[in-house]
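To keep things clear, I will list the structure first and then write my remarks on it.
Protein chains: 2
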Amino acid sequence: MTATEPRRTEPVVALRFEAGTLWALDQTLLPFQELELRLRSAGEVAEAIRRLAIRGAPLIGVAAGYGVALELARDPTPGTLERACRLLVDARPTAVNLSASVTRVRAAALEVGTEGIAAAALAEARAIHSDEQDASAAIATHGAELLAAAGAVLTHCNTGALAAPGRGTALAVVAELWERRRLRQVLATESRPLLQGSRLTTYELSRLGIPHRLIVDSAAAGLIAGGSVDAVIVGCDRVAANGDVANKVGTYGLALAAEAAGIPFVVAGPTSTIDLACPTGAEIEIEQRDPEEVRRALGQPLTLPDTSCLNPAFDVTPAALVTALVTERGSARPVGAESISRLKRI
Amino acid sequence: MTATEPRRTEPVVALRFEAGTLWALDQTLLPFQELELRLRSAGEVAEAIRRLAIRGAPLIGVAAGYGVALELARDPTPGTLERACRLLVDARPTAVNLSASVTRVRAAALEVGTEGIAAAALAEARAIHSDEQDASAAIATHGAELLAAAGAVLTHCNTGALAAPGRGTALAVVAELWERRRLRQVLATESRPLLQGSRLTTYELSRLGIPHRLIVDSAAAGLIAGGSVDAVIVGCDRVAANGDVANKVGTYGLALAAEAAGIPFVVAGPTSTIDLACPTGAEIEIEQRDPEEVRRALGQPLTLPDTSCLNPAFDVTPAALVTALVTERGSARPVGAESISRLKRI
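So the sequences go chain by chain: C and Z.
For the first sequence, the working numbering begins at 615 and goes up steadily by one.
For the second sequence, the working numbering begins at 615 and goes up steadily by one.
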């Protein structure tokens with residue numbers, strides 16, 4: 615390496631809270647249209663989360679926190695607090711960040727009297743937002759140290775600024791490697807059915823100026839076997855106490871391919887994604903989504919309307935296949951009950 | 615099992631030669647439209663193969679044979695024979711059946727004088743067609759014996775009557791298991807980028823009355839790990855002398871998942887797909903197709919038009935991951951240089 619100055623990149627802003635309103639880039643329209651949604655109630659936030667206008671485990675946690683605060687600004691009562699919390703927690707089942715964030719805002723709100731409830735909730739939502747931004751920056755640093763030798767990496771789904779505040783999780787590591795002038799190229803999977811790779815990851819990588827090639831999901835294993843990349847790095851939606859990882863469907867197959875090729879398979883995410891109450895991956899509820907997502911691609915029918923489909927949104931990668939779990943508090947390596955619990959205790 | 619009568623199913627007819635014309639179902643329009651193309655020259659057949667209106671390694675071999683015969687019917691001369699053969703062989707690079715079939719029809723045509731050349735070519739094309747139908751039936755029988763215990767199987771891409779004359783290859787085994795009342799359900803992968811699974815396999819399975827669920831490609835590994843299927847069965851585009859298998863991109867990942875789950879990974883294809891001139895999978899040319907196929911799904915843009923893509927059409931599965939190769943002459947098991955050469959010599 616030459617002693618060149620590090621590059622500077624500017625991440626996209628997926629969420630911002632301004633003047634009593636939560637503004638969220640509608641991720642269902644990207645990359646074709648950049649439209650910010652104006653969200654002013656818990657119901658609007660829950661709906662945006664449900665239809666994936668806001669997505670990514672850390673980002674939906676932050677959005678849900680603001681959702682509680684927005685609702686309390688309209689009606690600052692304990693009854694409204696409970697209703698808003700339930701509505702938001704029920705929006706999606708797999709990511710633990712959503713319920714953790716709502717629990718945190720609820721506790722802060724319950725600590726104060728009715729007159730201060732809305733302000734307390736908003737302050738806590740802002741604190742969660744800020745914590746996640748700090749976590750993203752720390753994940754980027756730890757991950758880039760771990761993968762300092764990787765010139766080409768493969769990533770799955772979207773794990774950038776559109777998935778987590780700051781620069782994201784796995785894609786924050788990618789951006790950091792690029793800024794440190796380590797990285798030459800990224801292979802990005804399209805991530806059917808909702809195409810977060812083709813739509814969101816390529817959009818973010820383009821904005822960051824990072825060279826990349828898009829591939830269909832099933833091309834990944836063969837390209838990994840053929841030596842196209844030096845590492846695979848993905849995010850996570852929930853990490854069990856034993857280190858098993860629930861993440862976007864297809865992650866497990868990438869882990870198998872990385873193991874067969876003898877390259878690192880790295881998972882990046884904030885410790886808020888670790889769920890010690892969940893002993894192993896077998897206990898993680900896998901969200902089954904609308905079969906219509908499989909029947910179509912961005913509205914285009916791909917099969918006959920009566921075709922029966924299965925549409926699991928996530929799969930579970932056993933801890934044994936994960937080279938390292940990178941969090942804002944450092945890395946678990948090897949990944950197992952002991953290293954996971956150490957991270958969570960710090 | 616009860617001693618119930620076997621079921622009877624009727625496969626779709628992908629190709630038929632009648633009254634001097636080759637009729638081919640346009641597979642690019644299925645399942646939304648059932649349209650037969652009327653092909654009357656080698657150029658029309660080559661174009662149909664190139665744009666995947668006719669596809670599947672054995673089926674393009676048969677179509678190419680008729681293509682030579684059609685051209686000789688228009689102009690029964692040795693010069694035309696050579697031009698037609700070159701045109702058809704150049705239509706697609708990976709499947710060995712195409713050149714093998716053209717070589718066979720050319721040899722038959724060269725054995726007779728100019729007055730008999732067209733008739734000899736047509737007779738040979740019909741013989742190839744009939745041979746492939748017999749091969750399909752035999753593959754179905756051998757495969758169903760091998761997988762007699764499989765109640766649920768996963769298959770990739772399309773390997774039915776739309777890919778090979780008769781009932782196909784891997785899907786012929788599936789149909790045979792269904793007729794024998796062994797099978798409960800099939801999981802079919804959509805097979806991006808060209809969606810042969812969503813468009814063609816579901817179409818065939820529906821017509822055969824076989825219960826099935828369509829999944830995105832990257833859902834396969836997790837479902838295999840979760841015990842959803844008892845076996846994986848796929849076709850092949852070229853088998854090397856050592857048993858390495860080139861097949862639709864994504865096949866290698868399915869083989870890894872089957873191995874990890876301890877279930878059989880079975881490859882089905884006629885011995886015409888075995889290429890003894892190709893020592894290992896490393897020597898198989900992998901067709902790189904138009905990046906536009908990754909950027910779109912059935913015409914619908916999935917990403918911005920300037921996104922850089924990689925689009926390998928096939929990958930290579932090492933012989934060690936293949937439980938058995940089922941051919942019309944029986945099965946190679948374990949799969950290796952010795953068992954492969956024995957099948958080819960029979």
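We treat Cβ as the ideally placed atom computed from N, Cα and C, and that holds for glycine.
Using a Cβ-Cβ cut-off of 8 Å, residue 789 of chain Z does not count as an interface residue toward chain C, since no Cβ of chain C sits closer than that to its own. Within the segment 708 to 789 of chain C, the complete alpha helix (DSSP H) runs of at least 4 residues fall at 710 to 724 and 731 to 760.
Nearest CB-CB separation between residue 652 of chain Z and chain C: not below the 8 Å threshold. Taking 8 Å as the cut-off, the beta carbon of residue 835 of chain C is found no closer than this to the beta carbon of residue 784 of chain C.
Close to chain Z, meaning a Cβ-Cβ distance shorter than 9 Å, are the following residues of the segment 840 to 863 of chain C: 840, 842, 862 and 863.
Across the set C:821, C:933 and C:913, the C-alpha of C:913 shows the shortest separation from the C-alpha of residue 642 of chain C. For residue 713 of chain Z and residue 847 of chain Z, the gap between their C-alpha atoms comes out near 26 Å. With fewer than 16 other CB atoms across the displayed protein chains lying within 10 angstroms of its CB, residue 724 of chain Z is exposed. Taking CB atoms only, residue 878 of chain Z has no neighbour in chain C less than 8 Å away.
Per DSSP, reduced to three states, the secondary structure at residue 691 of chain C is coil, with no helix or strand assignment. DSSP, read as helix, strand or coil, puts residue 801 of chain C in strand. In chain order, 690 and 691 place their CB closer than 7 Å to the CB of residue 728 of chain C, counting only its own chain and leaving out the 5 sequence neighbours on each side. In the DSSP secondary-structure assignment, residue 862 of chain C is bridged to C:928.
The residue from Z:667, Z:651, Z:623 and Z:620 with its alpha-carbon nearest to that of residue 635 of chain Z is Z:651.
In the three-state DSSP reduction, residue 852 of chain C falls in the strand class (E or B). For the pair residue 760 of chain C and residue 916 of chain Z, the CB atoms are not nearer than the 8 Å cut-off. Against chain C, a Cβ distance below 7 Å from residue 818 of chain Z picks out nothing, because the smallest value is about 12 Å. Interface flag for residue 836 of chain C against chain Z is set, since a Cβ pair is found closer than 8 Å. For residue 939 of chain Z, no alpha helix (DSSP H) encloses it; the enclosing beta strand (DSSP E) starts and ends at 938 to 941. Counting only residues of its own chain and dropping the five nearest sequence neighbours on each side, residue 627 of chain Z has no CB closer than 6 Å to any other CB. The C-beta distance from residue 754 of chain C to residue 787 of chain C rounds to 6 Å, short enough to meet the 8 Å contact threshold. Within chain C, the residues whose beta carbon sits less than 7 Å from that of residue 866 of chain Z are 835, 836 and 839, listed in sequence order.
One finds 911, 912, 913 and 914 in chain C with Cβ atoms closer than 8 Å to the Cβ of residue 914 of chain Z, taken in chain order. Rounded to whole angstroms, the separation of the alpha carbons of residue 708 of chain Z and residue 694 of chain Z is 25 Å.
For residue 906 of chain C, the enclosing alpha helix (DSSP H) covers residues 906 to 909.
Rounded to the nearest angstrom, the Cβ distance from residue 866 of chain Z to residue 930 of chain Z is 7 Å, consistent with a contact under 8 Å. A distance below 7 Å between beta-carbons, with the five flanking residues on each side excluded, links residue 630 of chain C to the following residues of its chain, in chain order: 637. Taking residue 756 of chain Z as the centre and dropping the five residues before and after it, the same chain places the C-beta of 940, 944 and 945 closer than 6 Å to its C-beta, in chain order. Taking the beta carbon of residue 923 of chain Z as reference, the chain C residues within 8 Å of it are 827, 828 and 829, listed in sequence order.
By the CB criterion at 8 Å, residue 942 of chain Z and residue 752 of chain Z fall inside the cutoff. For residue 818 of chain Z, the enclosing alpha helix (DSSP H) covers residues 816 to 822. Spanning the alpha carbons of residue 633 of chain Z and residue 906 of chain C requires a straight line of approximately 43 Å. Residues of the segment 770 to 783 of chain Z with a C-beta less than 9 Å from any C-beta of chain C: 770, listed in chain order.
When secondary structure is reduced to three states using DSSP, residue 647 of chain C falls in the coil class, being assigned neither helix nor strand. For residue 901 of chain C, no chain Z residue has a C-beta closer than 7 Å to its own C-beta; the minimum C-beta separation is roughly 12 Å.
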